[in-house]
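**Q**
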Amino acid sequence: MATTTTITGSASRAIAIRRSVLVAAASLALAGGAAAQAEKSFDIALAGGKPLGEQTLRVTKGDKVVLRWKSDRPIALHLHGYDLETSVPAQGTATMSFAASLPGRFPISEHTHGPGHHRAVLYLEVLP
Amino acid sequence: MASAAAHGFGQRFDLPLPLWLWVTGAGATIVLSFVIVALFVRETPPLDAAARLPLRLSGVRWIGSVARAAAVALFLLALVAGFFGAQDPYRNLIVTMVWVVWWVGFAFACALIGDLWRPLNPLATLFGWLERLSPRLPYPAWLAVWPAVVLFFCFAWAELVWRDKDVPLYLARAVLAYSALAWAGMFLFGREAWLERGEAFSLAFGILGRFGPLDTRAGALRPPGAGLAESARVPFSFVVFVLLMLATVTFDGFLETPLHQSLATAVQESRALSRLLFQLSELGLGEDAAMSTVALAAFPLLFLAAYWLASWAMVAVTGSGTVLGVACAFVLTLVPIAVAYHLSHYFSLLVTAGQFVIPLASDPFGYGWNLFGTAGYKVDLAIASPYVFWYGAVTLVVLGHVIAVYLAHSVALREFGSRRLALMSQVPMLALMVGYTMLSLWILAQPIVG
């Protein structure tokens, strides 16, 4: 599919900042600065590849979203539609950060190699 | 794993209908049902041959030949891609061609225009070469359309359960196997005999096409849905075919609901059921696949039971006719509800995954070609706006329901003769249709879990 961006550790912050500046600039240009950018951040803890809390994360189009992942085992995650990937080390953390520009419901699934379908770890809903 | 091909393709699911919109749709369904009943209380709105507009198009024959040749070329191209192309589902034409362009897109075209499969069916065109050699055995009457019922069930299984349906080579083999079977049927019993009773897609697209305004058989225009009330009673096997088709359309959506997922988990946790599943899985299916297969077989039986109950009630309240006769008379009037649901459920998929044909046109085999300079095209997921889906889906489902209720009333007037009996007969039918429409709305309001 489309190009994949891998965001891990400190690199994410740099990209996140760059994105938020871009989004802010874009919203200034489009809406004359009327639309305030809401930042929605989520802390998600995974145990055995399953979330301990919410199954569905809800944000609104235009929000700046930060997903902070924690996992008991190493896991590679893929947010479909936005095509973002991140690898969480065992007992470690990783962050996905992006502007929710595309409305819809998107699965975040465990990324494994080879064919086959995998049940989503959780879902992101971007409301219009 | 519902439509892993279909939905896995898009990487984006539709947002579920918001509660207020779901409630609005449900309310409109009920209110409009009564409006139609009130309409029929006083007069008999016309729905017959008078409403048809015959077409005389001089260029049709020429356009038909070109379109038939194009259909054959696409069919062969997809098969060749499947057998010899790269085996990545996204880079091989056959996967998009079969599951998105043909099964979703062509079904849309038939429902919105008319039965286009009849003039374009590449299997029938290719068979033309062999037709003169056919022994044309008499088709056994007892077989009715049962071959199509069995084949459609196999197809539905492939679409909804089969794990390898996205593997180009396996898909190509399945398409070729089905084609060989269709050619054998046409060869043995004659082209028309098999197309009308054994070729599952001629029946399926024919039923969808009856909803469309263009009567491709007679070359005439008619009001949308009128084709479903045209024929008198259909054979029992045809009733089963229609209900099987409707049930699989609903089952497709149901597979993706959280309720299905919790049921599946409950079954796996129940000892007796899981033992049964384990035995089934010994036949070579995985446990998930075994469970989906059982559910896929159970759904049409549930539909049949619900429809039989409504037919029995129609006979009971009117005191006239037989349950079988009534069932055979009314079954097609349910189709608009399924068409509306199908359009709503698949619209976003068609406009997003359908875009894969743009890069695939340049590189159908996944060899890295760039014939038309479109190989680098990236699918635009933003094209599927949630607002279009939300308002479009509710409007379509309510509209489909209105057409279905209207058709059923027209058929009732024809079947029962007196206006009083016709109106009474429609109480159970209306209840069934409202329930069916509510089921569609409920599924559309469920968050999709893939």
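Going line by line, the protein sequences match chains A and B. Here the first sequence stands for residues 490 to 617, where the numbers follow the numbering used here. Here the second sequence stands for residues 16 to 465, where the numbers follow the numbering used here. Where is the CB? At the ideal position from N, CA and C, for every residue including glycine. Note that the structure is predicted; figures quoted are calculated from it, not measured.
Below 8 Å on the Cβ atoms is my guess for B/G381 versus B/G100; work out the distance and round it to an integer in Å.
**A** At roughly 5 Å, the Cβ-Cβ gap stays under 8 Å, so B/G381 and B/G100 are in contact.
**Q** Give me the Cα-Cα distance between B/Q102 and B/T452, rounded to the nearest whole angstrom.
**A** Distance between the alpha carbons of B/Q102 and B/T452: 40 Å.
**Q** Which residue marks the beginning of the alpha helix (DSSP H) containing B/T111, and which one marks its end?
**A** Looking at the DSSP string, B/T111 is not in any alpha helix (DSSP H), and its letter there is neither H nor E.
**Q** B/Q461 and B/T272: beta carbons closer than 7 Å?
**A** Cβ atoms of B/Q461 and B/T272: closer than 7 Å.
**Q** Do the CB positions of A/T549 and A/E614 come within less than 7 Å of each other?
**A** No; because the gap between Cβ atoms is not below 7 Å, this pair is not in contact.
**Q** Since B/L129 sits in a beta bridge, which residues does DSSP pair it with?
**A** Before going further, note that residue 129 of chain B is Gly rather than Leu in the sequence given. B/G129 is bridged to B/L229.
**Q** Which residues in chain B sit within 9 Å of A/A536, going by Cβ to Cβ distance?
**A** Ordered by position in chain B, no residue passes the 9 Å Cβ test against A/A536, which lies about 17 Å from the chain.
**Q** Run down chain A in chain order and give the residues with a C-beta less than 8 Å from the C-beta of B/R27.
**A** The contacting residues are H569, G570, L591, G593, R594, F595.
**Q** Just by C-beta distance, which residues in the segment 384-400 of chain B are closer than 8 Å to chain A?
**A** Within the segment 384-400 of chain B, the qualifying residues are K393, V394, L396, A397, A399, S400.
**Q** What residues in its chain sit with their C-beta under 6 Å from that of A/S530, if we drop five residues either side in the sequence?
**A** So the qualifying residues of the chain are V555.
**Q** Using a C-beta to C-beta distance shorter than 8 Å, which residues of chain B count as neighbours of A/E614?
**A** Under the 8 Å cutoff, chain B gives L30, P462.
**Q** Identify every residue that forms a DSSP beta bridge with A/H567.
**A** DSSP, once it has assigned bridges, lists A/E574, A/S598 as partnering A/H567.
**Q** Could you tell me the distance, in whole angstroms, from the CA atom of B/A233 to the CA atom of B/P69?
**A** So the two alpha carbons sit approximately 8 Å from each other.
**Q** Give me the Cβ distance between A/R557 and A/L616, rounded to the nearest whole Å; I'm assuming they're in contact under 8 Å.
**A** The pair is not a contact, with the Cβ atoms about 21 Å apart (cut-off 8 Å).
**Q** If you run the structure through DSSP and keep just helix, strand and coil, what is A/R562?
**A** In the structure shown, A/R562 sits in coil (DSSP, three-state: anything other than H, G, I, E or B).
**Q** Quick check: what's the CA-CA separation for B/V46 versus B/L148?
**A** Roughly 58 Å separates the two Cα atoms.
**Q** Kindly confirm or deny that the segment 34-52 of chain B and the segment 438-452 of chain B touch, where touching means at least three C-beta pairs closer than 8 Å.
**A** Short answer: they touch.
**Q** CB-CB under 6 Å to B/R106, same chain, minus the five flanking residues each way: which ones, in chain order?
**A** Within the same chain, B/R106 has close Cβ partners G381.
**Q** Using CA atoms only, rank isn't needed, just tell me which of A/A534, A/A536, A/G551 is closest to A/A624.
**A** The displayed coordinates of chain A run from 490 to 617. Any statement about residue 624 of chain A would go beyond what the structure contains.
**Q** At the 7 Å Cβ level, is B/G381 part of the contact set with chain A, yes or no?
**A** Cβ-Cβ to chain A under 7 Å: no for B/G381.
**Q** Taking CB distances under 7 Å as the criterion, tell me whether B/G369 reaches chain A.
**A** Taking Cβ atoms only, chain A never reaches closer than 7 Å to B/G369, which makes this a no.
**Q** Between which two residues does the alpha helix (DSSP H) holding A/A534 run?
**A** That residue, A/A534, is in no alpha helix (DSSP H); its beta strand (DSSP E) goes 528-536.
**Q** Return the chain-ordered ranges of every alpha helix (DSSP H) run that is complete within the segment 241-293 of chain B and spans a minimum of 4 residues.
**A** With a minimum length of 4 residues, the continuous alpha helix (DSSP H) runs that stay inside the segment 241-293 of chain B are 251-269, 273-284.
**Q** Tell me the DSSP secondary structure of B/P351 in three-state form.
**A** Helix at B/P351.
**Q** Using a C-beta to C-beta distance shorter than 7 Å, which residues of chain E count as neighbours of B/G465?
**A** Here the protein chains are A and B, and chain E is not one of them.
**Q** Closer than 7 Å, CB to CB, is A/P617 near chain B or not?
**A** Closer than 7 Å: yes.
**Q** Figure out for me which residue from B/S455, B/F371, B/L375, B/V442 has the closest Cα to the Cα of B/L552.
**A** Because chain B here runs from 16 to 465, residue 552 of chain B falls outside it and cannot be looked at.
**Q** Count the other CB atoms, across all protein chains shown, that sit within 10 Å of the CB of B/Y402; report buried if there are 16 or more and exposed otherwise.
**A** Counting Cβ neighbours within 10 Å, B/Y402 comes out exposed, since fewer than 16 surround it.
**Q** Identify whether B/A235 lies in helix, strand or coil by the three-state DSSP scheme.
**A** B/A235: strand per DSSP, three-state reduction.
**Q** Can the beta-carbon of B/M444 be found closer than 7 Å to that of B/A419?
**A** Against a cut-off of 7 Å, the Cβ pair of B/A419 and B/M444 comes out as no contact.
**Q** Which stretch, first to last residue, makes up the beta strand (DSSP E) that contains A/T584?
**A** From DSSP, the beta strand (DSSP E) with A/T584 extends over 582-588.
**Q** For A/T545, return the contacting residues in chain B, with the cut-off set at a CB-CB distance below 8 Å.
**A** The contacting residues are P462.
**Q** In chain A, which residues lie less than 7 Å from B/Y154 when you measure between Cβ atoms?
**A** In chain order: nothing, as chain A lies at least about 41 Å away.
**Q** So what does A/T549 bridge to, in DSSP terms?
**A** DSSP lists A/L616 as partners of A/T549.
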